[in-house]
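One structure is given below, encoded as structure tokens.
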Amino acid sequence: MRLAVPSNSCVVTSKKQNRRSREFKAHVEFLLFLLPSLLFLVLFTYLPIVRSVVESLMSYDVGSRCNRFVGFMNYSDLFSDPVFWKAVSNNLVYAVCTVIPTIALSFLFAVILNTNVKFQGFYRLSLFYPSVLPMAAASMVWVFLFNPAYGIINHALARLGFEVNADWLNEAPYALVAIIIVGIWKYVGYYMLFFLAGLQGIDNSLYEAADIEGATKWDKFCHITFPLMTPTTFMVGIVAAVNSFQAVDQVHVMTRGGPFNSTNMLMYYIYQNGFLYWNTGLASAASVFLFAILLIGTGIYFTLLNKKIQYER
Amino acid sequence: MRGEGDMGRNAKAASKQRASTRSVVINVIKYVFLSISAILMLMPLVWLVATAFKDQAEVFANPFALFTKNIRLENFSEAWSYAPFSQYYLNTIVISVGILAVQLVTISLAGYAFARLKFPNKDALFVIYLTQLMITPQSTILPNYMTISSMHLLDTKLGVMLPYFASALGTFMMRQAFMTLPKDLEDAALIDGCTRLQTFRLVALPLVKPTLIAFSIMSVSFHWNEFFWPMIVTESQKSRPLTVGLAIFAQQAEGGAQWSLLMAATLIVILPLLLVFLIFQRQFIESFMSSGLKG
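The listed protein sequences correspond, in order, to chains A and B. Each number in the numbering used here comes from the position in the first sequence (counting from 1) with 505 added on. Each number in the numbering used here comes from the position in the second sequence (counting from 1) with 558 added on.
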């Protein structure tokens, strides 16, 4: 802070001194207002990041019963663990296969529901309600629906002519598909709201001007709606991608990462190593890897946000 | 299609006709698409409710049956007696209300500071603040567990709540809200001799009530539904919230394939928030919409 500024030896006008003390008071005020939230942020967001980095460079030594600095050993262990790479690739597949359909569908739903639609409230409700359910409880319902003997999904598919005799949650490619379906179902209505908010923010006079020019609905969508929604789409996409790297509730409830790690994902891998195998060093290294992904996402997000704000001015 | 084949009509009318047939087709596609989507989206909820009232034998007999002849309310009392759901309810309420109460203080103070008070490099500090939007307490479970453990707060409700007492999303929403207020009112209060804290509490805070309510809805529905962190920190029923209690109940019920009991228990867990959502649908949707991303 600026407290250490040496006061000029010559005559300092009292006005200047006054201003400085007022400024100082304002800064103290700011810090006092920030203090309560800053305390918890430091304790549970910033220090944990630092702590993960530190722990990832340490290893528990059974002989001396204390943590010992081991350099990048945990990282080389992590990067040579095939389960880790399996979790990363599953997570990538999950991210791509949920984010793209979710964005496309939620955008489509928002565009349709933004026009004159009968029973609009009902449709919006049916799309949005999964967002207020706990993921853990919703996953439980899906476990029942995916059950090969008594669940509705296989029976309904059979009746529609698709004989899928899959034991969804216990067979390798199907289990991840099931988790992806649940991911899309849970969040499509949530992201739809952001698109709805974006659509309602578009200046109506643009459409009126296009009407005067004789533009068709399709023209208006291609040349007004779509370009103006592009920044929103990117930002929702990043948020959705970042969230998909923290998906864990449904993995825990539906498959526990199985069968044979075919649904293991980053957060669940961290949980397994940190809490089930007590390999804190390895779990911390994986956490640092996750933070790196999340920080890159955050960086892109704020860059876009800045651009969008400038663009709108 | 009355006019079809009528040679007397001019080209303009014909094209108009084509346009209107096309808009009918588009309308049909629109409603078919919406209806199929709505059915698929509602399917889990419908099956959850239907199964919760069924007899176990009926679940095995016909997976398509939606309505049962004899509605079994006993499923609910049985599920309730198998697990201490009343204790879980109390825990969930204490946890989500407790988190909210502290959050409202921390976010409004911080939001006000970022909107109104002066500090060098304030905007850079704000961006650092927002990191928590992405690196959520969910992703820092491992170090947070160590912290809570060293505070001797494992298996306590306070331990579940602590990591959420600061909220970047809330701070962001409050900052936006305070920035839209006219400054004159607060300046007048300051000139009249109010302190900053009084000005904040008596002049500014009452004017941002809608944002406080919007954030409250988001916060409570998030923490009512939270699962992974409480599952890790809690070890006994004295601190376990509903979601974790349900998962433990499920481990026992799923083994015996007692689907109707499990669905009854699931309904017990999700019903309060779902009902509140159905009643205050507009407020829910508006608060989720106002929660940001708009810049």
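A virtual CB, placed ideally from N, CA and C, is assigned to each residue, including glycine.
- When C-alpha distances from A/Val-753 are compared across A/Thr-607, A/Ile-775 and A/Pro-736, the shortest belongs to A/Ile-775.
- Between B/Met-599 and A/Leu-632 the beta-carbon gap is near 6 angstroms, inside 8 angstroms, which marks them as a contact.
- At the C-beta level, A/His-757 and B/Phe-785 come within 9 angstroms of one another.
- Taking a contact as a CB-CB distance under 8 angstroms, the pair A/Leu-543 and A/Val-616 does not count as one, their CB atoms being some 41 angstroms apart.
- For A/Trp-783, the three-state secondary structure derived from DSSP is coil.
- Where B/Phe-842 is concerned, the enclosing alpha helix (DSSP H) starts and stops at 839 to 847.
- Listed along chain A, the residues sitting closer than 7 angstroms to B/Ser-779 by beta-carbon distance are Val-637.
- As summarised for the region 763 to 848 of chain B, the continuous alpha helix (DSSP H) elements at least 4 residues long and confined to that stretch are 767 to 783, 786 to 791, 800 to 813, 817 to 837 and 839 to 847, given in chain order.
- For a cut-off of 8 angstroms, the C-beta gap from A/Met-759 to A/Leu-681 is around 10 angstroms, too long to register as a contact.
- Here B/Glu-616 has Ala-623 and Thr-626 as same chain residues with Cβ atoms under 7 angstroms from its own Cβ, once five neighbours each way along the sequence are excluded.
- The beta carbon of A/Ala-683 does not come within 9 angstroms of any beta carbon belonging to chain B, so the residue lies off that interface.
- Residues Val-761 of the same chain have their beta carbon placed closer than 6 angstroms to that of B/Leu-743, with the five preceding and five following residues left out of the count.
- Under the DSSP assignment, A/Ser-767 falls outside any alpha helix (DSSP H); it carries neither an H nor an E label.
- Cβ neighbours of A/Gly-656 within its own chain (closer than 7 angstroms, five residues either side excluded): Phe-649 and Leu-650.
- Here B/Ser-774 is not near B/Leu-667, since their CB atoms are 9 angstroms or more apart.
- Close CB contacts of A/Asn-619 within its chain, under the 8 angstroms cut and outside five residues either way in sequence, are with Leu-701, Leu-704 and Gln-705 (chain order).
- Here the region 679 to 693 of chain B makes contact with the region 786 to 803 of chain A; the two share three or more CB pairs at distances below 8 angstroms.
- A distance below 7 angstroms between beta-carbons, with the five flanking residues on each side excluded, links A/Asn-778 to the following residues of its chain, in chain order: Asn-784, Leu-787, Ala-788 and Ala-791.
- Note on A/Ala-663: under 16 other CB atoms within 10 angstroms of its CB, so exposed under the neighbour-count rule.
- Counting only runs that start and end inside the region 676 to 750 of chain A, the alpha helix (DSSP H) elements of at least 4 residues fall at 677 to 705, 709 to 717, 722 to 725 and 731 to 749.
- Bounds of any alpha helix (DSSP H) do not take in B/Tyr-722, whose DSSP letter is neither H nor E.
- A residue is called buried when at least 16 other Cβ atoms come within 10 angstroms of its Cβ; B/Met-731 meets this threshold and is buried.
- DSSP places B/Gln-696 outside both helix and strand once states are collapsed to three, so it counts as coil.
- Put simply, the CB of A/Thr-550 is near chain B, with a gap under 9 angstroms to one of its CB atoms.
- Using a CB distance cut-off of 9 angstroms, A/Gly-656 counts as an interface residue toward chain B.
- Only residues of its own chain outside the window of five on either side were considered, and among them Thr-603, Pro-606 and Thr-607 have a CB closer than 6 angstroms to the CB of A/Ile-689, listed in chain order.
- In this structure, B/Asn-702 and B/Pro-799 do not form a Cβ contact; the two beta carbons are roughly 17 angstroms apart against a cut-off of 8 angstroms.
- Assigned with DSSP and collapsed to three states, A/Met-645 falls in helix.
- Taking C-alpha positions only, A/Thr-737 is separated from A/Leu-548 by approximately 32 angstroms.
- Interface criterion not met: the Cβ of B/Arg-798 is under 9 angstroms from no Cβ in chain A.
- About 18 angstroms separates the beta carbon of B/Met-821 from that of B/Val-802, a gap too long to meet the 8 angstroms contact definition.
- Of all residues in the region 824 to 838 of chain B, only Thr-824, Val-827, Ile-828, Leu-831, Leu-832 and Phe-835 place a beta-carbon less than 7 angstroms from a beta-carbon of chain A.
- Contact between A/Asp-724 and A/Ala-715 holds: their C-beta atoms lie close to 7 angstroms from each other, under 8 angstroms.
- Around B/Gln-816, the same chain offers Gln-614 as residues with beta carbons nearer than 8 angstroms, after the five sequence neighbours per side are excluded.
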